[in-house]
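Novice: Sharing a structure here in structure tokens format.
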Amino acid sequence: MIPPIANRFVAGESPATALEHVRTLNDRNINAIVNLLGEHYDSRSPAAADAAEYRSLVADIGDSNLEACISVKPSQIGLDVGEDVFRDLLEEIVAEATDRDVFVWIDMEDHTTTDVTLDAFEAMTTTYDGNVGVCVQANLRRTREDVERLADLPGKVRFVKGAYDEPAEIAYKDKAAVNRAYRELLEYAFEHFEDGVAVGSHDPEMIDYAIDLHEEYGTDFELQMLMGVREDAQEELAAEYEMWQYVPYGGRWKSYFYRRVMERKENLFFALRAILDR
4 MIPPIANRFV
14 AGESPATALE
24 HVRTLNDRNI
34 NAIVNLLGEH
44 YDSRSPAAAD
54 AAEYRSLVAD
64 IGDSNLEACI
74 SVKPSQIGLD
84 VGEDVFRDLL
94 EEIVAEATDR
104 DVFVWIDMED
114 HTTTDVTLDA
124 FEAMTTTYDG
134 NVGVCVQANL
144 RRTREDVERL
154 ADLPGKVRFV
164 KGAYDEPAEI
174 AYKDKAAVNR
184 AYRELLEYAF
194 EHFEDGVAVG
204 SHDPEMIDYA
214 IDLHEEYGTD
224 FELQMLMGVR
234 EDAQEELAAE
244 YEMWQYVPYG
254 GRWKSYFYRR
264 VMERKENLFF
274 ALRAILDR
């Protein structure tokens with residue numbers, strides 16, 4: 004049993020419970036990005052097992068009428084074992100998802116994985132006609148250059164501020180600097196991207212800014228938020244804009260919850276505010 008404090012952020016332990024949560028979201032006009040919890044495997048066997056579950060998951064989504072896609076972490080599907088393992092398992096997932104007309108997001112992890120993740124995205128999205136998306140993090144100083152590289156590629160890019168505690172020499176540490184970088188990246192994307200922009204943020208100011216940019220440039224966009232965070236706002240926004248909720252599930256919920264929520268004071272306070280609907 005997942006305790007209530009974690010159950011708010013995790014859609015159960017099985018694919019069935021996750022897809023049932025997706026159905027309730029779809030009834031509220033909210034789409035779902037489903038993520039099987041798991042990361043940093045040091046052998047091929049668990050990575051291949053999770054890749055197989057993702058292929059089964061996209062088959063279930065493809066056979067349903069659900070508005071859902073999936074999101075995978077590189078270290079979950081073999082990156083810590085080897086880049087070749089990661090590429091092979093990712094392509095298996097993307098090929099199956101493309102056959103099923105299910106979109107695949109590649110999550111971004113810490114800065115040590117940025118290059119290999121972007122290279123894999125470029126290879127997959129060009130091979131599979133833009134059926135792949137990737138995440139970029141505004142707190143990394145390199146991201147503007149990365150975004151300029153991505154502008155001409157098919158597929159989607161998700162813009163987030165960045166949750167990893169990166170070294171100061173490669174990342175902005177000041178909140179105002181991160182916010183400024185995020186705004187600049189959004190403006191560049193809305194001006195130059197043709198396949199749409201994914202705004203991954205719970206910050207009302209950034210969401211309003213993205214809406215203003217959409218009205219200025221006419222670029223398609225979608226909003227993305229985590230399960231359990233500002234869900235009333237998600238429903239309100241879904242009445243006017245394309246809204247997606249990131250839905251994690253699986254037996255590894257403890258590591259997800261404690262690492263993501265408990266490791267940094269900011270994350271803990273954010274979770275408590277979400278629980279209190281503040």
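Its first residue numbered 4, the sequence shown is counted upward by one per residue in this note's numbering.
Every residue gets a Cβ at the ideal spot worked out from N, C-alpha and C, and that includes glycine.
Using the Cα positions of Trp-247 and Arg-161, report the straight-line distance between them to the nearest angstrom.
Specialist: Using only the alpha carbons, I get a separation of about 12 Å.
Novice: Go through its chain and collect everything with a Cβ distance to Thr-129's Cβ below 8 Å, but skip five positions before and after it.
Specialist: Leu-156 and Pro-157, listed in sequence order.
Novice: Just checking my contact of Val-105 with Cys-72 at CB under 8 Å: how many whole Å lie between their CB atoms?
Specialist: About 6 Å; that satisfies the 8 Å criterion.
Novice: Per the contact definition of three or more C-beta pairs closer than 8 Å, is the segment 202-221 in contact with the segment 9-16?
Specialist: No contact exists between the segment 9-16 and the segment 202-221.
Novice: Quick check on Lys-76: buried or exposed, where buried means 16 or more other Cβ atoms within 10 Å of its Cβ?
Specialist: Counting Cβ neighbours within 10 Å, Lys-76 comes out buried, since at least 16 surround it.
Novice: Enumerate in chain order the residues of its own chain whose CB-to-CB distance from Asn-32 is below 8 Å, with the five nearest sequence positions on each side excluded.
Specialist: Within the same chain, Asn-32 has close Cβ partners Glu-238, Ala-241, Ala-242 and Met-246.
Novice: Helix, strand or coil for Arg-1 per DSSP?
Specialist: In the structure as shown, the chain begins at 4 and stops at 281. Residue 1 is therefore absent and cannot be evaluated.
Novice: Please give me, in chain order, every unbroken run of the beta strand (DSSP E) with length at least 3 that falls completely inside the segment 51-90.
Specialist: Segments of the beta strand (DSSP E) lying fully in the segment 51-90: 71-75.
Novice: Could you give the first and the last residue of the continuous beta strand (DSSP E) run that contains Lys-159?
Specialist: Here the beta strand (DSSP E) through Lys-159 covers 159-163.
Novice: Name the one or two DSSP bridge partners that Val-150 has.
Specialist: DSSP output for Val-150 lists no bridge partner at all.
Novice: Compare the beta carbon distance of Tyr-191 and Gln-227 with 9 Å and say whether it is the shorter of the two.
Specialist: No; because the gap between Cβ atoms is not below 9 Å, this pair is not in contact.
Novice: Residues bridged to Phe-224 by DSSP?
Specialist: Its beta-bridge partners are Val-200.
Novice: On the criterion of 16 or more Cβ atoms from any shown chain inside 10 Å, does Arg-99 qualify as buried, or is it exposed?
Specialist: Before going on, a small fix: residue 99 reads as Glu here, not Arg. Its Cβ being crowded by 16 or more others within 10 Å, Glu-99 is buried.
Novice: If I follow the unbroken alpha helix (DSSP H) through Pro-18, where does it start and stop?
Specialist: Where Pro-18 is concerned, the enclosing alpha helix (DSSP H) stretches over 18-30.
Novice: Quick one: grab the DSSP three-state call for Val-250.
Specialist: Of the three classes helix, strand and coil, the one that applies to Val-250 here is strand, per DSSP.
Novice: Identify the continuous alpha helix (DSSP H) that holds Ala-126 and give its terminal residues.
Specialist: Element bounds for Ala-126: 117-130.
Novice: Secondary structure at Leu-39, three-state DSSP: helix, strand or coil?
Specialist: If DSSP states are grouped into helix, strand and coil, Leu-39 belongs with the strands.
Novice: How would you call His-24, buried or exposed, if buried means at least 16 neighbouring beta carbons within 10 angstroms?
Specialist: Buried is the call here.
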